[in-house]
């Protein structure tokens, strides 16, 4: 399995920003009503089936609020959760638990939602693999890309700086052939992926020396034909028109990857709650 | 109508972070293949019906990349969009348009998605009004709360610092009556809202002097009874078990507000594209 | 008592900025003359009577400079200090103590100054309560609002985003009645406070459904009359012309709150020193 | 005259932080009630005599909120203001003026307060000159040091990194002589100032080669004697026990500088208002 | 040619930090002595032969200090400079020119130094191409990688997140074969480069399906043999022992790339001055 | 010896920025291939003779990546290193060591490179002392100035705000005499250094009361004459035309300081490696 956690510097920054957003400037007015010496124990519980992601974020949220809060986990990013699964237990001052709760749950729910939807797509797409896109939530890309990995997907380019994706109508007069050539000269050592809308474009991309193709808005039948044409020389990725009803058909075409924007831009949260225990 | 745009300082910060995330450190490799003197014109087009939100963010994304890009808008936040509606037109160097495109669309799509779902709930809930929650995406609260307003919803407390919401099982031994009293002493001049799971709690909240109640996880019938009991003395809000199928029934109970976490935490993006024009 | 400490994220940020301002880029030139292995013990001592605020800031200043410095406190925010009171003791490398000293004292003195003046006003105003304003030092609002609470005052709205305060001459042609109505529609569930300069405006505010009034620049006699007119229906706050000589008279009018900008914008520091011990 | 404005990068940062503190996350709720097309004109007016400082901050506050707001000034930092003086006029959308008003006034009032008190001390201390200290408000040092210059004072070291000030009881066993020698070796080319509490220490400091002395907590008579002893070889500065009643006596001793913490840490705001005009 | 400028967001951030470092808190003391109404004109002049890089940084430095300064350029990043070449002319208030000068020159000199050394290596290495490494100055990677492009080099991976480089002694017990396989599964669609110290390792890397090899610390003869073995199946890169005396021999081996840490970590500045004109 | 470490707040900020630059957004792809439970031990080893600087940065890099990594040092900033010297040992998870390695080495190598070159100049210049300039790498001034101290140099002014350096052709019509007078009035208590290109200027500077002179672009003979003229009244500094071949001659002239831009702007890295141990 790949590395399923995001870099800590992203976790620290996102959580700090989220907490500032939620507690400044006066602090948690409601928690301030509770006596400061009341301690509590609470359990993170999955209220529906899914896949966990975001554990480091939840830990960081409590720790930044109060370094004395203790967390014990029984699941980690990438683990399947059944409704009712206890994911972890948090112990500490009740005030601190209440103040950090929503930030922790917002991150856990959002990222686990992405992991869960990714897993669903990944299971249906096999043997093809699910890839994410740059259609992520601004500010959360590092966390969402890690959640995709936790769900069993693989990451496409992380941003405009670490991959080349040539689309024919975006070239301002350049042909695909010229664009691939230019990419090879300017950014050698990088895979040049070409988006193709037709078999003709695929032929041009192959002849130009593309390192990967992205077949956009084709039917599974068209994709299968393109896979035959490509004949394993370079990886084939599919996008457009992919949903839970169609992903299986695309996955069965022989394509290597199916990329799905919806796993990051439209995943509903996974319902995870924090239950105070007596 | 309320003010439908988020504060500019939030817009500037979120866009700067999103662009840094997408173009650092090498810049847009693919756009660098295009000749720098090619100019283009592209239209933001709604690919499905919905409600617009996030226009300031889209403007900011292009402007931060290239101050010479010009944008002309034919719709503003809060406007209904039909499939095919041209929302605005962007003109400038093709390279700059390509580089800013995804960040602009990610924000437009995400925020318009929230506005669209909010509008749907708001239409069904009338005469009750839809309120948001703190279940927002970390780092984007100011933008998402504005999108809720654009969709016709109203904002609940913005964060833990600007409102009091007492939940009986979160008090560490304090009664509702004691908590409301304490809140009145420590944070006078603020509305103290009390979450009630039962008619008994409602009676206690009313007697304690709550400024608003949040009826949680009740059926529409139970809500209606609570509305009768409250008799207009204070506003009544409903939460829990609310979805597009049930919101109409809750809205018809006489409650003032129905709060829905899903409008922010689980709204799918609204599909908006940027079409390059010849 | 309310929660008297500011949120830690505000403390961390303000202290980091203050230390950067004081030690960059070369560090503490003078402290560098001291041998690094000299340890010391020093006591924070009140040089005049007052009220403590800012303890978390002082701790944070030493800790950010040197995690091995140890602090032991005998007083906390909100405690009364007599001249000569030892507030706390700091032990550690002399160099680190010297470097953090001024930042710690600047924050302790400034915030304790606010708490001290607030306490003075609060004692004179009783049974009315002292409220702060938005006339705070830029960048320090969270800390100063907490210092007001430590002094026994209560917080008015924290910022423009968490409260509505309608002033008649700021409405651009709107009447008070229209403004209150609009506020209720756009920002329902929030208290709408109306500033009144006259009895006529008070009547209009009451009729419009204001949730609180702010009587501005009235004499105590005028305030008393307004209190009679309001008759407990909504809270009454007084501002303008309030100083230590007059606050008692205003507090005796029956008004609920007296708000005073001077407690934050013009409080002199409380003189606190750090005495090195042999 | 010296340069009376602070560096723009400090102005931009402080204003951005102040506005974020005041308008996030929902924006200015009250200003949102005003119709967006109402324009207004408002004058900054001194409500009491004083000295102006902070003009760049006021400009920046309006500009960051709304780039279409126009400001025209009739006074600049360092100018004397009489009660009633119109300092400047701001024109633009009423909403934007209302939202930026408090931030602009907080900075103008705070910094002009410092300039005003400084001027008062400076006039009384002549021919000695008033110097500031490091007893500034955390986060505002660059602005406050500029306000001191606007008031006719001069700046002491800006921070621990740009000057050496040796205090005898802070040396951890080192003598003044040793400390001055060490300072000369480690930080050559910098003035080494020595704090002296007695004539004996002054003699030691002079013999050690101090570049300036700071006479702390002496009477004017003691200072005069020290001035005679020093005989113009190095500058003499006085601190401790200085207030508006005593500063004249200290200034007449022949000392070069009198440093006063109160001009930054305890200056009351200068009352400046923003009057909307019909 | 590739895109030779760094992303503007990197330029803005680095320049803001550099100026803060150089002018806070008191501003430019020396420039403050100059009368504010003196205007000047100054020319950037190359004092030695080289290649220009960093033009955007120089513009940004003056603009952040004073938006009224005007710059006119006669050369751009990537252009060859002869000793005496006038690169550009800056016109504006003398004070502002003096204050921004050093920051602009530090960036121009540092980045042009990198471009110059890169060009020297690139000319000698042809037909092989020069690649940079991650041995860049902390905080300046985006700018330095662009300077390498300006010098005619090409960029290796930008950071640990956008490329895989397997070194045999860093695998903790994993074989090269296993590592390449794992990389293909976890990070599919990315080139997996393998560092080889011997012909045996090259064979293993080729068999494992490496996408590129990095031959480390081999002689030109050994490299030539490896090139023969690889036979054009994948690109070959060379590193270690490369300097200006040896790069020609390595470039003649048939290898595709020669990577050189020294072009970023040890490039002396290019001497560029700013000459005030009468 | 002076204080040889930079302030921790500079260390923390630079390292955080460097790591973000190197690991975001996906983390270390290559390290993720290693099994997470593999631990390792690695030694920092000098691969050439030199002087150490940057130890705090190396510690911070590992600690920010993984708080469980342990470092033990056998050398500190300022220590001479022979080729083969083991500087320190790091123990912890192999993944974490690999991820932090390059950032730690980049900082160690860059700063030790500066210290090493400084030491070389300092040894040759004695009895004159080597001073640095403002020709530092943007963003790294605090670290580089500390590295100069570690190498045995002393720091010139840290920035434009903490020292005055008058150059005759930068005065916009002002004479040296007028500039020194103005500096004394506006910034009293600070050393005013005057740059002199000729004996005539030296005479003017001395007569004007300069506190130090900087003799620019003179031969050692001219410097020696200026030293005789100055006759110890104020310190004399030399700059321009100084390199390793000439610094000895300048140092023998009797001048107090020789300032060299090259020690910061053109120092090659010191080659330090991290050797994994079995």
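Protein chains in written order, with our numbering: chain P, 1 to 278; chain H, 1 to 278; chain V, 1 to 278; chain C, 1 to 278; chain S, 1 to 278; chain X, 1 to 278. Heads up, the beta-carbon is just placed ideally off N, CA and C, and yes, glycines get one too.
The beta carbon of residue 161(X) falls within 8 Å of a beta carbon belonging to chain C, placing the residue at that interface. Residue environment analysis places residue 131(V) among the buried positions, since at least 16 neighbouring C-beta atoms fall within 10 angstroms of its C-beta. Sixteen is the threshold: when 16 or more other Cβ atoms of the shown chains lie within 10 Å of the Cβ of residue 107(C), as they do, the residue is buried. By the Cβ test, the region 176-187 of chain H is not in contact with the region 46-65 of chain P, since fewer than three Cβ pairs between them sit closer than 8 Å. Close to residue 24(P), with beta-carbon spacing below 8 Å, are these residues of chain V in chain order: 7, 9, 10 and 142. Put simply, the region 117-137 of chain P touches the region 253-265 of chain P. At least three CB pairs are less than 8 Å apart. With fewer than 16 other beta carbons inside 10 angstroms of its own, residue 219(V) counts as exposed. Near chain P, meaning a CB-to-CB distance below 9 Å, the residues of the region 171-201 of chain S are 182, 185, 186, 187, 188, 189, 190, 191 and 193. At least one CB atom of chain S sits nearer than 8 Å to the CB of residue 32(H).
A distance below 8 Å between beta-carbons, with the five flanking residues on each side excluded, links residue 236(P) to the following residues of its chain, in chain order: 212, 213, 215, 223, 226, 227, 230, 254, 255, 256 and 257. The C-beta of residue 27(V) comes closer than 8 Å to at least one C-beta of chain X.
One thing to note: residue 153(C) has its Cβ within 8 Å of the Cβ of residue 122(C). Look at the beta carbons and you see the region 89-108 of chain H touching the region 60-73 of chain H: at least three pairs across the two are nearer than 8 Å. Nearest Cα to residue 62(V) within the set 206(V), 100(V), 128(V) and 116(V): 100(V). Using beta-carbon distances, residue 158(C) counts as an interface residue toward chain S, with a partner under 8 Å.
Contact check between the region 103-119 of chain C and the region 30-42 of chain C: fewer than three CB pairs, one atom from each, fall below 8 Å, which does not count as touching.
For residue 82(C), the number of other beta carbons within 10 angstroms of its own is below 16, and it is reported as exposed.
The three-state secondary structure of residue 67(C), taken from DSSP, is coil. Shown here for residue 241(C): same chain residues with a beta carbon closer than 7 Å to its own, the five before and five after excluded, namely 217 in chain order. A distance of 8 Å or more separates the beta carbons of residue 158(H) and residue 98(C). When the beta-carbon positions are compared, residue 270(H) and residue 112(H) come within less than 8 Å of each other.
For residue 126(C), there is no enclosing alpha helix (DSSP H), since its DSSP letter is neither H nor E. Inter-residue distance for residue 37(X) and residue 65(X) is about 16 Å (C-alpha atoms, whole angstroms). The distance from the Cβ of residue 210(V) to that of residue 192(V) is about 6 Å, consistent with a contact at the 8 Å cut-off. Bounds of the beta strand (DSSP E) holding residue 212(X) are 212-216. For residue 3(P), same chain residues with a beta-carbon under 6 Å away, outside a window of 5 residues either side, do not exist.
Under the DSSP definition of a beta bridge, residue 39(V) partners with 93(V).
Within the same chain, and ignoring the five residues on either side of residue 109(H) in sequence, the residues whose Cβ sits closer than 6 Å to its Cβ are 269, 270 and 272.
Contacts between residue 135(C) and chain S, judged by CB atoms closer than 7 Å, are missing: the closest CB pair is about 14 Å apart.
Residue pairing by DSSP puts residue 272(S) in a beta bridge opposite 46(S). In the structure shown, the three-state DSSP call for residue 198(H) is coil. Runs of the alpha helix (DSSP H) lying entirely within the region 137-161 of chain P, each at least 4 residues long, are 141-150 in chain order. Annotation for residue 195(C): 167, 214 and 216 place their beta carbon closer than 6 Å to its own, counting only its chain and skipping 5 residues before and after. Straight across, the Cα-Cα distance linking residue 248(X) with residue 221(X) is about 13 Å.
Excluding the 5 residues flanking it on each side, residue 234(C) has same chain C-beta neighbours closer than 8 Å at 206, 210, 211, 212 and 213, in chain order. Residue 266(V) carries a coil assignment under DSSP once its states are collapsed to helix, strand and coil.
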